[in-house]
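Below: the structure, in C-alpha cells.
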Amino acid sequence: MDILTQQLINGLVLGSIYALVALGYTMVYGILELINFAHGEVTMFGAMICLAVIGAFAGSGADMHGAIIVLFGLLAAIAVCVGLGFVIERVAYRPLRRAPRLAALITAIGVSIVLQNLAMLIWGKQYISFPPLLPLVRYEFGGAVITNLQIFIMILSCLLMAGLLLLIKRTRLGRAMRATAQAQDIAGLMGINVNTIISLTFIIGAALAAIAGVMVSAYYGLAHYYMGFMLGLKAFTAAVLGGIGNIAGAMLGGLLLGVIESLGAGYIGTLTGGFLGSHYQDVFAFFVLILVLVIRPSGLLGERVVERA
Amino acid sequence: MDGPRMTKWAVWAFTIALSLSACGQKEEAATGTTTGEVTVRIGQVSPLTGPQAHLGKDNDNGARLALDEINATGVTLGGKKVKFVLVSEDDQADPRIATIVADKLIDRRVAGVIGHLNSGTSIPASKRYHEAGIPQISPSATAIAYTAQGFNTTYRVMTNDLQQGRVLGEYAVKKLGTQRIAIIDDRTAYGQGLADEVEKAAKAAGGTIVAREFTTDRSTDFLAILTSIKARKPDLVFYGGMDAQGAPMVKQLHSLGIKAKFLGGDGVQTFEFLKLAAVDAEGVTASSPGLPLDSMPGGKEFREKFTAKYGVIQNYAPYAYDAAMTLVEAMKKADSAEPAKYLAELPRIQRAGVTGPIGFDERGDIRGGAITLYQVKNGKWEVLETVMGGAGQK
Amino acid sequence: MTERWQKLRHDHRVVWLVYIALAMLLVALPFLTGAALGRGWVRILDFTLLYVMLALGLNIVVGYAGLLDLGYIAFYAVGAYLYALLASPHFGLHLPFWALLPMGAGIAGLFGILLGAPTLRLRGDYLAIVTLGFGEIIRIFLNNLNAPINITNGPQGVNLIDPIAFGGFSFSQTHTFFGASFPGIYTYYYLFLALALLIIFVSLRLQNSRIGRAWVAIREDEVAAEAMGINTRNIKLLAFAMGASFAGISGGLFAGFQGFISPESFNLFESIIVLCMIVLGGMGNIAGVILGAVLLTIFPEALRYIGDLQSYLFGHIVVDAADLRMLIFGLALVLIMVFRPAGLLPSVRRRHEFGSDASVLAQEQASLYDTRR
Chain A
1 MDILTQQLIN
11 GLVLGSIYAL
21 VALGYTMVYG
31 ILELINFAHG
41 EVTMFGAMIC
51 LAVIGAFAGS
61 GADMHGAIIV
71 LFGLLAAIAV
81 CVGLGFVIER
91 VAYRPLRRAP
101 RLAALITAIG
111 VSIVLQNLAM
121 LIWGKQYISF
131 PPLLPLVRYE
141 FGGAVITNLQ
151 IFIMILSCLL
161 MAGLLLLIKR
171 TRLGRAMRAT
181 AQAQDIAGLM
191 GINVNTIISL
201 TFIIGAALAA
211 IAGVMVSAYY
221 GLAHYYMGFM
231 LGLKAFTAAV
241 LGGIGNIAGA
251 MLGGLLLGVI
261 ESLGAGYIGT
271 LTGGFLGSHY
281 QDVFAFFVLI
291 LVLVIRPSGL
301 LGERVVERA
Chain B
310 MDGPRMTKWA
320 VWAFTIALSL
330 SACGQKEEAA
340 TGTTTGEVTV
350 RIGQVSPLTG
360 PQAHLGKDND
370 NGARLALDEI
380 NATGVTLGGK
390 KVKFVLVSED
400 DQADPRIATI
410 VADKLIDRRV
420 AGVIGHLNSG
430 TSIPASKRYH
440 EAGIPQISPS
450 ATAIAYTAQG
460 FNTTYRVMTN
470 DLQQGRVLGE
480 YAVKKLGTQR
490 IAIIDDRTAY
500 GQGLADEVEK
510 AAKAAGGTIV
520 AREFTTDRST
530 DFLAILTSIK
540 ARKPDLVFYG
550 GMDAQGAPMV
560 KQLHSLGIKA
570 KFLGGDGVQT
580 FEFLKLAAVD
590 AEGVTASSPG
600 LPLDSMPGGK
610 EFREKFTAKY
620 GVIQNYAPYA
630 YDAAMTLVEA
640 MKKADSAEPA
650 KYLAELPRIQ
660 RAGVTGPIGF
670 DERGDIRGGA
680 ITLYQVKNGK
690 WEVLETVMGG
700 AGQK
Chain C
704 MTERWQKLRH
714 DHRVVWLVYI
724 ALAMLLVALP
734 FLTGAALGRG
744 WVRILDFTLL
754 YVMLALGLNI
764 VVGYAGLLDL
774 GYIAFYAVGA
784 YLYALLASPH
794 FGLHLPFWAL
804 LPMGAGIAGL
814 FGILLGAPTL
824 RLRGDYLAIV
834 TLGFGEIIRI
844 FLNNLNAPIN
854 ITNGPQGVNL
864 IDPIAFGGFS
874 FSQTHTFFGA
884 SFPGIYTYYY
894 LFLALALLII
904 FVSLRLQNSR
914 IGRAWVAIRE
924 DEVAAEAMGI
934 NTRNIKLLAF
944 AMGASFAGIS
954 GGLFAGFQGF
964 ISPESFNLFE
974 SIIVLCMIVL
984 GGMGNIAGVI
994 LGAVLLTIFP
1004 EALRYIGDLQ
1014 SYLFGHIVVD
1024 AADLRMLIFG
1034 LALVLIMVFR
1044 PAGLLPSVRR
1054 RHEFGSDASV
1064 LAQEQASLYD
1074 TRR
C-alpha cells in the first residue's frame, strides 16, 4: 500500500510539471491549431536562463538566501522566455497563419532545432547542475516519502493552473482569447485585436514554460540544452490525452500521464506476469493514449470539432 | 512560372555546394610537402552535436592534445619530418551518418582513425575502415561485437562490457559484501551490455538479483522504478548508464530513503557526476577501465595540460589521448605512416599509456583489461583498488 | 520568356532530349561525384535515393491522402529488421534478397493496416500523436526484445547482415566491368536508382488513378468523399499500407547496404525529417518530394564545409563547424517555409488553392484585424 501511495505521489509531481508545459501547447493549439513544437525548447531556455542568473549571483559573492536567488533567476527566466515566445510567434508563425497547417509545423520543428543549437552555443555542451540553494526536507508518512520541493511544485502548479482558468473564464482578455479560438475572423469583426491576442497567448504559454523549466531543473538538479525535447513530447502527449485545445483537459491530461507513467513503470511487470518490464513504460503510456483516443477521438475533455475544410 | 526560377535556384545551390566542397578538396592538395614536412592526417569521429556532444568534444580534445604534443616534440618517419593533423568529424551518434563520415575520412586518406565514440557507430564504420585497410582505435566503444568481427584493423583501448561487467559483478558480491542486488540500465548498447554482464557475474558469484529495472538515456525521473526497487529491499543498486542519469538517480534514491549502496561503471565515474550529484555522491562506488590516471607515468601532466587547455575531463579524453599516442607509436615502430606498413605493428605494441598499460589481444581488445574501482569520499573520487580483468571474450 | 518556356515544354523533341540528358546524368552521377568529391559523397547519393523512396511512401499517406503520420519510420524499421533477422547469423537464416524485399514490403504493409485500423476515426493532430506513439512503440519493442527470448538482440543491434546479392553477384563487393572497378557503393547506387525509379513510376501511376483521386477526395473533404460513394475506410487503409510498403522496401535495402542495424537508427527524429522532406519540397507533388529528399539529405552534409569556408573567408575558424551545422539547418527550414509556405515545388492543385485566395485573404486580414495600421 505504501508503495502505491509513493507511486501516486511520484506520478502527481511529474504530472503537474507535464500539465504546466501542456498548457502552453494547448493554448496555442486552441487558437492557431498549430502544434508548437518549439514549446519544449522554451522550457529549456527557462531553465538555462535561471541557472545563468544563479551562476552570476554565485560569482558575485552576494550573500543572500538561496530562495531569493532562485526567485531572481525565475523572474529573469520568465522575462526572457516571454520575449522568446513573442519573437517566435512574430518571426516563424505569423507569416504562415494562412498557409497550409503543415508548413507551420515544419517551421516549428525548425525553430526547435535552432533554439536547441543556440542553447548549445551559449551554454556549452555539458550538463549544468542546479546548485543546492533550496534546503531539502523529507516528510514521511505511512512508509511513503514526500519532499518540501515536491509539495511546493504541486501547490505552485495548482495555483498557476487555477489562475489561468480564472483568467480564461472570468476576464475580458480571457473572453477575447476564447472568442479568437472559436472564430478568428468573427472575433476580429467584434473589435478584438486578433494579433495581440495571439501574441498574448504565446507570452502566457512561454511564461508558464519558463516556470516549468525552472521547476524541472531545480527538482532534478540539472539542465541541458537537449532537455526540452522529451519534456515537450510528453507534455504534448498529455495535451492530446486531455483533449488538445482544452485548458482543463491539459491539466487533467498532464496529471494523468504522470500517474500512468509512474504506475506503468511500477506495476507493468506484475500486470504482464513479468513478461514486460519497466522498459515498456512508454509503450504503456502510449497504449493508454491510443485506447482513450479510440474510444473518445477528441481526447478526454475535448469537444468534437467539425473539421474545417 | 515557377519552373524556370526553381531550376535556376537549384543550379545555383548545386554550384555553391560543388564549389564549397572543391574548397575542401583544394585545401587538401595544398597541405602536401611545403617545407619538406609531410602531413599525416588522423581521423577522429564522435558526436559533436546532439545530446552526447559534451562527450564527443571531450574525445576530440583528448586526441587533439596528443597530436599537439607529438607535433611539438617532432616525429621523423622514413627520414622526413612529419606533422600530424587531426581531421575531426561529427557522426551525430547516428549509425548511418557514421558510415558516411567513415567514407569521407577514407577519401581524405587518413592514416588512422580514433573513434567512434559509441558502439552503434563504431561497428558499421569498422567495416569501411577494414575494407580500406585503415587502422581504427576506439577510445570508448564497449560492445563485445565490435572486436568480434574478425577485422585486423579494429582495436580499442577501453575494456569491453564483459571485462568490466565481470569485475563489477564479482566486486559487488565478494568485496562490497552485498547479496541482494538491483540492476538498472538505460537501454543503450553500452548500458544494457554492461548491466547484462554484471548480472551474470553477480549471479555466478552467489548474489541474488532482486530487481531488474530499466530507464532511458533521456530520462531524469527515476522515482517510479526506484520505488519498485525499494519494495525489494536491495543492499546494492547497480546502474549501467551515464553520469547525467546516474546523478539524479542517486539523489532520488536518497530522497526515497533507500539505504542501498550505489555502484556504477565508467559512465558514472566522472567529474560531472560529482558536480551533478553534489552531496548525494558521497559513498558511491564506480569503476573505470585501466589504472588510476595520477599513478601512471605522464598521467598527472596529462590532466594538468588538458584542464588548462580545455577544462574538466568529461569522460573518455584520456582514452582518446592514448588511442592517438598508440597509433603514432605504431607508426614510429614501422617508420612509416602507411596503414599497410604500420598495421602489422599494432598487435605487437606494448606501451604505458596514461590510462594504463596498452597492448592488444588477437581480437584487438585491450590485453589484461585492468579495472580500477573508485569511491566518492569528501567530494572526490578516491581509488579503492585495481582488479585485473583477464580475457575479454567467452 | 514564359511563353517561350511553355512552348518548349510542349515540344516533344525537347522533352525527350531533357529526359535523355537526365538519364545520362543519373547514370554518370556517381562517377562524377566520386571523381570530384570522393566516395563519401557517393554514399550520400545512395542514402539520398533511400530517402527519396521513403519520402515518396510518406507522400502517399500525407501528401495524397492527407493523413498526418509522425511514426512513419516504424515501417522502415520493420523492413530493415525483417531483412536483418532473416539474412544474418543472428538466427542463422540467410534468405535471398529477392524473397526478402517483397516480404518486407508485405509485412510493413500489414503493419500499416495494423496502425490504420484503430485510427480511422481520428483526424488531424490526434492522428499525428497516435502515429507518433505507434512509431515509438515499435522502436521500444525492437530495443527491448532481447529478453526473455532474444528476437531483435536489443540495443546491441544486428550485425553481419548479408549484403544484397543477386545470384552470385554481391552488391557490396568491388566488381570489375570493362576494365574499370566498381566498389560496392557504386553498384548499390544503380540498384537503389532502379528501385527508386520503380517507386516513382508507381507513384505517378497512382496519382491520377481512381485510387489516387479517391485519396485526394478524402484529403479535401472526408464527408463529401464518403457521400460520393468512396469507401473511405478501405481507401485510407490502402494509403497506410502502400506508404508503409515503400518504407518496408527501403528498410530492407538499408539493412543490406549497412550490414549492421540497431534501434537508434529508427528514432522519432527520422520520422520528422522525412516529413520535413515532403512538406519542404511540396506535398503531393512527386518532383517536389524528390527535391525535398535530395535537399535535406545533401544540405546537412554540404554544411560540413562551413569550417573550410570560415578559414577561407576569415583565415581562421570562428565558430566550430559542427556547432553551426544544425543551427543553419534549422534556420533554413524556417526560412524556406516562411517564404514558400506551399513548398519549393507545390503540387498543381495546391498552387491553385494557394495562389488564388491566399493573397486576397492576407490582404483582407491585414485591413480587417490590424486596427493600428
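Just so you know, the protein sequences line up as chains A, B and C, in that order. Per the working numbering, the very first residue in the first sequence carries number 1; after that it's consecutive. Per the working numbering, the very first residue in the second sequence carries number 310; after that it's consecutive. Per the working numbering, the very first residue in the third sequence carries number 704; after that it's consecutive. From the three backbone atoms N, C-alpha and C, an ideal C-beta is built for every residue, glycine too. Note that this is a predicted model, so its numbers are computed, not measured.
In the displayed model, LYS570(B) falls within a strand according to three-state DSSP. Just so you know, the alpha carbons of VAL114(A) and ILE49(A) end up roughly 17 Å apart. One Cα belongs to THR935(C), the other to ARG908(C), and the distance between them is close to 20 Å.
Under DSSP, ILE680(B) forms a beta bridge with PRO598(B) and VAL696(B). With 16 or more other CB atoms across the displayed protein chains lying within 10 angstroms of its CB, TRP690(B) is buried. With a threshold of 9 Å between beta carbons, GLN910(C) makes no contact with chain B.
Interface annotation, GLU1004(C): not in contact with chain A, CB-CB separation never under 9 Å.
When secondary structure is reduced to three states using DSSP, VAL663(B) falls in the coil class, being assigned neither helix nor strand. In the three-state reduction of the DSSP assignment, ILE658(B) falls in the coil class, being assigned neither a helical nor a strand state. TRP801(C) sits exposed, since fewer than 16 C-beta atoms from the chains shown fall within 10 Å of its C-beta. When DSSP states are grouped into helix, strand and coil, LEU395(B) belongs to the strand group.
Under the 9 Å criterion on CB atoms, PHE615(B) is classed as non-interfacial with respect to chain A. Nearest C-alpha to ASN847(C) among SER278(A), VAL292(A) and GLY245(A): SER278(A). The C-alpha of TYR464(B) lies about 18 Å from the C-alpha of PHE963(C).
For TYR829(C), the secondary structure class from DSSP, reduced to helix, strand or coil, is helix. It is roughly 12 Å from the alpha-carbon of LEU894(C) to the alpha-carbon of ILE952(C). Assignment of TYR775(C) by DSSP, reduced to helix, strand and coil, places it in the coil class. Between ALA239(A) and GLY85(A) the beta-carbon gap is near 17 Å, outside 8 Å, which marks them as no contact.
With contacts defined as CB atoms closer than 9 Å, GLY245(A) and ALA179(A) fail to qualify as a contacting pair. Residue range 428-441 is occupied by the alpha helix (DSSP H) that includes HIS439(B). Between the alpha carbons of GLY66(A) and LEU134(A) lies a distance of about 6 Å.
Residue pairing from DSSP places VAL349(B) in a beta bridge opposite PHE393(B).
Out of GLY383(B), PHE460(B), PRO360(B) and PRO356(B), the CA that lies nearest to the CA of ASN370(B) is found in PRO356(B).
Chain C places no beta carbon closer than 9 Å to that of PHE86(A), leaving this residue out of the contacts. By the Cβ test, the stretch 37-53 of chain A is in contact with the stretch 215-229 of chain A, since at least three Cβ pairs between them sit closer than 8 Å. In this structure, DSSP gives GLN578(B) a state outside helix and strand, which the three-state scheme calls coil. The C-beta distance from ALA457(B) to ASN427(B) rounds to 17 Å, too long to meet the 8 Å contact threshold. Contacts with chain A at 9 Å (Cβ-Cβ) do not include LEU374(B).
For LYS686(B), the beta-bridge partners assigned by DSSP are LYS689(B). Residue contact with chain B for TYR25(A): absent (no Cβ-Cβ distance below 9 Å to any residue of chain B).
The stretch 718-737 of chain C makes no contact with the stretch 920-933 of chain C, as fewer than three CB pairs between them are under 8 Å. For the set ALA556(B), SER645(B) and ARG350(B), the Cα lying nearest the Cα of ARG527(B) is the one of ALA556(B).
Close partners of VAL145(A) in chain B (Cβ separation under 8 Å): SER564, LEU565 and GLY566. Taking 9 Å as the CB threshold, GLN126(A) lines the interface with chain B.
Chain A places a beta carbon closer than 9 Å to that of HIS363(B), counting this residue as a contact. Straight-line spacing of the CA atoms in THR497(B) and PHE236(A) works out to 25 Å.
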